[in-house]
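Chemist: These protein sequence lines map, in sequence, to chains P and R. The numbering of the first sequence is the working numbering, which starts it at 1 and goes up by one. The numbering of the second sequence is the working numbering, which starts it at 1001 and goes up by one.
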Amino acid sequence: MMRYSFFIGCQIPSRVPQYETAARAVLKNFGVELADIRQFNCCGYPMRNVDKKAFLLSSVKNLALSENQGLDMLVLCNCCFGALKNAEHIMAEKGPLQDEVLGKIREMGLNYQGKTRIRHYLSVLYHDTGIAAIKKQVHKTYKELNIAVQYGCHALRPSSVTQFDDPVAPSLFDELVAATGAKSVDWTNKLECCGAPLMGTNDALSADLFSRKREAAIKAEADFFCTSCPYCQIQFDTVQQMLVEDSAGQKALPSILFPQLLGLSMNIDPQTLGLGANKLDISKIESYLSKDKE
Amino acid sequence: MLAVIFSAKIVRLLQAFVLDVLLQRKILKESVLRWAMHMLIFWGFILLLFMHALGRIVTDALFSNYEPTLNPYFFLRDLFGLMVLAGVVVAVIRRFFLKIPRLMTSSMDKYAIGILAVIILSGFLLSGVKITSKTEFSDMAEEYAGWLSQEELRALESYWVSDQGLVSSDVTRPFAADVLDQGKQAHESYCAYCHAPAKSAFASYSTGKILSPAAGAMDRAGFVGILWYIHFLSCFIGLAYLPFSKMLHIFSTPITIMANAVMDEKKSKPENVATRQIIELDACTHCCTCSLYCSAMMGYEARQNTYILPSEKIAPLKALAAGRDLNEAETRAIVEGIYLCTNCDRCTVVCPSGINLRQLWLNARERLLQQGPAEPLVLSQLSFVRGLNRKKTPADIYPLPLEKADNAVSAKYRPLLDPDRSIDLTPPAGGQQPTSGFENTFSYCFGCQNCSTVCPVVGNYEDPQEQLGLLPHQIMCSLGLGLTETAMGAKMIWDCLTCYQCQEHCPQNVNVTDILYELKYMAVAGVDEGRQNHDQAGGLR
């Protein structure tokens, strides 16, 4: 039995709750047990631009909480994953800021030694569960469904820190999508940023970066984006909806969260997967599903 | 309102009333100790109010045989009082001894605990002293048994001293059995029909017993009257000050809980939402549950600005709502406090008073950003949610806080980017080079421009240098030349996506993205330093 502390961060509970419910439902089928630690706080990512201490303190406190329970951490959000990984990397070196952070953590009655392994949701599925076990649970496969996977920056890079996959030619996400029978299409801009980090600080640039991605995905004849990060998902779903509303004649390319895509093929009911919670309608996805395997 | 009562919503309303108001299940979910504390105070006080303070009005109307000195009322008064007292003791322990992190105690919390303690303790002391008081006994004996003979009265007094806690120097122990018997008979004939045994008011009786060595002196000094005044005055002070204290939550919190149970933000009239929000400010009991679970709590630990904690934001927001002006330092602190929020909504989920804190922050935030000083935090990813909600702000004023922040952070470095400016390349004394925590990897840069080539931000523009000031490789080059401030003025550092493409593709292992982070820290630190100098120069009121 695999057991992890479950780190969902801030965006998922408030804006993408379907990611959590879908991920939980899928993991349950693979016997992954999740421990909820209520004292978890922000990973520090949104403060990282302006306050290194606040970023490190936030990340390290979460890691220490998980470590003190002897649990590795399962993270759903790429940005949380990246922040935690970067914090771990920074803390591995000595310095006055590191000492200050450790001091504060100790004041809270916690201890940080860097023992907790930080795992991304997709990595756990790929490495721990394995493609073969996933295929066994796939009861219906997708036929003629083209998916544009969005790896997301903060999982992939810097690869020496995140150690997620090959940063130039990653395949983990593509293989996971292929396990459901869907085709992961090749598209330019596949490894580029979704634009979310500049949302709110440079909206025009953020929108431009997203629009390029959409054009590339449509050109590659993708039917859906597929994401594994709430920021990417909000950008592809909520923000895309805003952009489509603003400019007449634009075609939306809806985005599905990976556990939603996988969950449907595993016969988990659409309600649990929160298909209806997406802003752009993704109900069409069910029409690509084949009949139950014999 | 009527529409709610005559609809299916009445079920939700009743459910909220029973589970969240009467049984306070949200507090139970947080901590059993806290729930026990609040239930003891809440139920103890409510029952005391109706049965004891308003006994003649409420209890009399419900129970025909009501008499405050008869059981069960005599016993229950003490029980309810003891419940409140136990709750107050737990509150004191929680606030002052348990050292719960981020449980802030304000003067308002101390007042609330203090006034409850004074009301209850003076009550117990009053009834304890009354039990021992000879004067009280004599008055009662005269009124209800005035026709008894001297001998019978002495027998009654002996019986009261022996059995009812009275302290009297007129009769002396040991009492003969027949005297006590006679006294008991007199008691049963004239007293017992409307006076239960003093022992049934167990707490008051014990208080009387403890005080009995001093009872004679206290009686002569008129302590019954003094304590009566203290008890009544503290009750009336509590009542009169209630609207200005956190005790107002007795009314505002149930209203908030029930309103939020049935109100739909999207369908409700804006003026109704505004009214509810004003009530919500008073519904906060400063229990600090929100701050215990605040996602941004480490931001508070790092910056030590208490306004970052949600529970501490209510007071300044209340002041602003009342039209009071905050001074410069407070304004700056509340702007930072309200912006250092990850919008995770956890405060709203855990608030036992059911306050829609999320909405409160959203509404206050934009106003404070527009009117307040420049806030460098708006240049961080904390702005994500502001971006999502941008349509709620008029398009012409939406960019202003961003421009203000950019100006505060970068304005003084911008002239350095002028291409016609001559560059002084003599190394500065002491070194302008970034040092603390700064990876010096930029010195490996050999100018291949890979970083700028793969940067999606650079790639987005026809004229990237005009838009971004300096491109990533130029920033690395500037740093190599010791032109750190020039690099800090480049818009590129704030338009960086932190996607790490540059760093990943650098053949020289320059940590380009991490260096951009450090430049941002230095630029923001410049704002803080500027403000400190300004404050020291007497810029603060």
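Positions of the beta carbon are idealized from the N, C-alpha and C atoms, including for glycine.
1) I'd like the span of the alpha helix (DSSP H) that includes P/Val-149, first residue to last.
2) Is any beta-carbon of chain R found at less than 8 Å from that of P/Arg-24?
3) Going along chain P, which residues have a C-beta under 8 Å from R/Thr-1498?
4) Where do the ends of the beta strand (DSSP E) carrying P/Cys-226 lie?
5) Give me the Cα-Cα distance between R/Cys-1445 and R/Leu-1516, rounded to the nearest whole angstrom.
6) Relative to the C-alpha of P/Val-161, which residue among P/Pro-197, P/Val-149, P/Arg-119 and P/Tyr-126 is closest?
7) As an exercise, report each continuous beta strand (DSSP E) stretch of at least 3 residues that is fully enclosed by the region 221-265 of chain P, in chain order.
8) With DSSP collapsed to three states, give me the class of R/Leu-1033.
9) May I ask you to list the residues that DSSP assigns as paired with R/Met-1522?
10) Counting only runs that start and end within the region 1234-1317 of chain R, where is the alpha helix (DSSP H) found for 4 or more residues in a row?
11) Verify the CB distance criterion: does P/Glu-294 have a CB-CB separation below 8 Å to chain R?
12) Any idea what DSSP makes of P/Val-101, helix, strand or coil?
13) Please work out which residues of its chain come closer than 7 Å, Cβ to Cβ, to R/Pro-1434, disregarding the five sequence neighbours upstream and downstream, and give them in chain order.
14) Does R/Gly-1437 come within less than 8 Å of chain P when only Cβ atoms are used?
15) Can you pull the chain R neighbours of P/Met-108, defined as C-beta to C-beta under 9 Å?
16) At 7 Å on the CB atoms, spell out the chain P contacts of R/Thr-1484, in chain order.
17) Could you name the residues that DSSP lists as bridge partners for P/Glu-33?
18) Where P/Leu-261 and P/Tyr-142 are concerned, what is the direct C-alpha to C-alpha distance, given to the nearest angstrom?
19) How many Å lie between R/Ser-1200 and R/Glu-1030 at the Cα?
20) Beta-carbon within less than 8 Å of P/Arg-117's beta-carbon, same chain only, minus the 5 sequence neighbours each way: which residues are those?
21) Alpha helix (DSSP H) containing P/Ile-118: first to last residue?
22) So, for R/Leu-1148: in the same chain, excluding its five sequence neighbours on each side, which residues have a beta-carbon less than 8 Å away from its beta-carbon?
23) Buried or exposed for R/Val-1527, going by 16 or more other Cβ atoms inside 10 Å?
24) When the cut-off is 8 Å and only beta carbons count, does R/Leu-1402 lie next to chain P?
25) Going by alpha carbons, who is nearest to P/Lys-291 out of P/Val-124, P/Ala-169, P/Pro-197 and P/Asn-267?
26) Roughly how many angstroms separate the alpha carbons of P/Gly-70 and P/Val-32, rounded to a whole number?
27) Could you please tell me which residues of the region 1328-1344 of chain R, in chain order, have their CB closer than 8 Å to any CB of chain P?
28) On the three-state DSSP scale, how would you describe P/Val-75?
29) Grab the span of the alpha helix (DSSP H) containing R/Leu-1471 for me, first residue to last.
30) Beta-carbon of R/Gly-1539 versus every beta-carbon of chain P: anything under 8 Å?
31) Mind listing which residues of the region 1368-1396 of chain R have their C-beta closer than 8 Å to chain P's C-betas, in chain order?
32) What is the DSSP secondary structure of R/Tyr-1461, counted as helix, strand or coil?
33) Bridge partners of P/Tyr-142, per DSSP?
34) Whole-angstrom Cβ separation of P/Phe-81 and P/His-154, contact assumed at under 8 Å?
35) Which residue's Cα is closest to the Cα of P/Arg-214: P/Glu-245, P/Lys-61 and P/Gln-150?
36) Do we get a CB-CB distance below 8 Å when we pair P/Leu-205 with the residues of chain R?
Modeler: So, to answer that:
1) Here P/Val-149 belongs to no alpha helix (DSSP H); instead the beta strand (DSSP E) covers 146-149.
2) Not one beta carbon of chain R lies nearer than 8 Å to the beta carbon of P/Arg-24.
3) The CB of R/Thr-1498 comes closer than 8 Å to the CB of Arg-48, Asn-49, Cys-153, His-154 and Pro-197 in chain P, given here in chain order.
4) Annotation for P/Cys-226: the continuous beta strand (DSSP E) segment containing it runs 224-227.
5) Roughly 14 Å between the two C-alpha positions.
6) When only C-alpha atoms are compared, the closest one is P/Arg-119.
7) Segments of the beta strand (DSSP E) lying fully in the region 221-265 of chain P: 224-227 and 255-257.
8) R/Leu-1033 falls in the helix class under three-state DSSP.
9) According to the DSSP secondary-structure assignment, R/Met-1522 is paired through a beta bridge with no residue.
10) Listed in chain order, the complete alpha helix (DSSP H) runs (minimum 4 residues) inside the region 1234-1317 of chain R are 1249-1262, 1270-1283, 1289-1293 and 1297-1303.
11) With a pLDDT of 48 at P/Glu-294, under the threshold of 50, the predicted position of this residue should be treated as unreliable, though the coordinate-derived value follows. No, because no Cβ of chain R sits closer than 8 Å to the Cβ of P/Glu-294.
12) Looking at P/Val-101 - three-state DSSP - the assignment turns out to be helix.
13) Note that R/Pro-1434 scores a pLDDT of 49, beneath 50, so its modelled location is shaky; the value from the coordinates is reported in the next line. Hits under 7 Å: Thr-1484, Glu-1518 and Met-1522.
14) For R/Gly-1437, the pLDDT reaches just 43, beneath the cut-off of 50, and the residue's location in the model is therefore unreliable, leaving the point undetermined.
15) Here the neighbours are Pro-1101 and Glu-1301.
16) For a Cβ distance threshold of 7 Å, nothing in chain P lies close to R/Thr-1484: the least Cβ distance comes to about 17 Å.
17) Under DSSP, P/Glu-33 takes part in a beta bridge, and its partners are P/Arg-3.
18) Each residue's alpha carbon lies about 9 Å from the other.
19) Answer to the nearest angstrom: the Cα atoms are 36 Å apart.
20) Only Asp-72 and Met-73 meet the Cβ criterion.
21) Run containing P/Ile-118: none in the alpha helix (DSSP H); it sits in the beta strand (DSSP E), 118-120.
22) The beta carbon of R/Leu-1148 sits closer than 8 Å to those of Ala-1141, Leu-1156, Ala-1186 and Tyr-1190, all from its chain and outside the five residues before and after it, given in chain order.
23) Buried, by the Cβ-count rule.
24) Residue-level contact check: R/Leu-1402 touches chain P, since one or more beta carbons of chain P fall below 8 Å from its beta carbon.
25) Its Cα nearest to that of P/Lys-291, the residue P/Asn-267 stands out among P/Val-124, P/Ala-169, P/Pro-197 and P/Asn-267.
26) Computed Cα separation, rounded: 16 Å.
27) Those residues of the region 1328-1344 of chain R that come within reach of chain P (Cβ to Cβ, closer than 8 Å) are Leu-1340, Thr-1342, Asn-1343 and Cys-1344.
28) Note: P/Val-75 maps to strand in three-state DSSP.
29) Under the DSSP assignment, R/Leu-1471 falls outside any alpha helix (DSSP H); it carries neither an H nor an E label.
30) Model confidence at R/Gly-1539 stands at a pLDDT of 48, short of 50, so the residue's coordinates are unreliable and nothing is read from them.
31) The region 1368-1396 of chain R vs chain P, Cβ under 8 Å: Pro-1376, Leu-1377, Val-1378, Leu-1379, Ser-1380, Gln-1381, Leu-1382, Ser-1383, Phe-1384, Val-1385, Arg-1386, Gly-1387, Leu-1388, Arg-1390 and Lys-1391.
32) Coil at R/Tyr-1461, not helix or strand.
33) As computed with DSSP, P/Tyr-142 is found in a beta bridge with P/Leu-289.
34) Yes, P/Phe-81 and P/His-154 are in contact; Cβ-Cβ is about 6 Å, under 8 Å.
35) The option with the nearest alpha carbon to P/Arg-214 is P/Gln-150.
36) At a cut-off of 8 Å, the C-beta of P/Leu-205 has a neighbouring C-beta in chain R.
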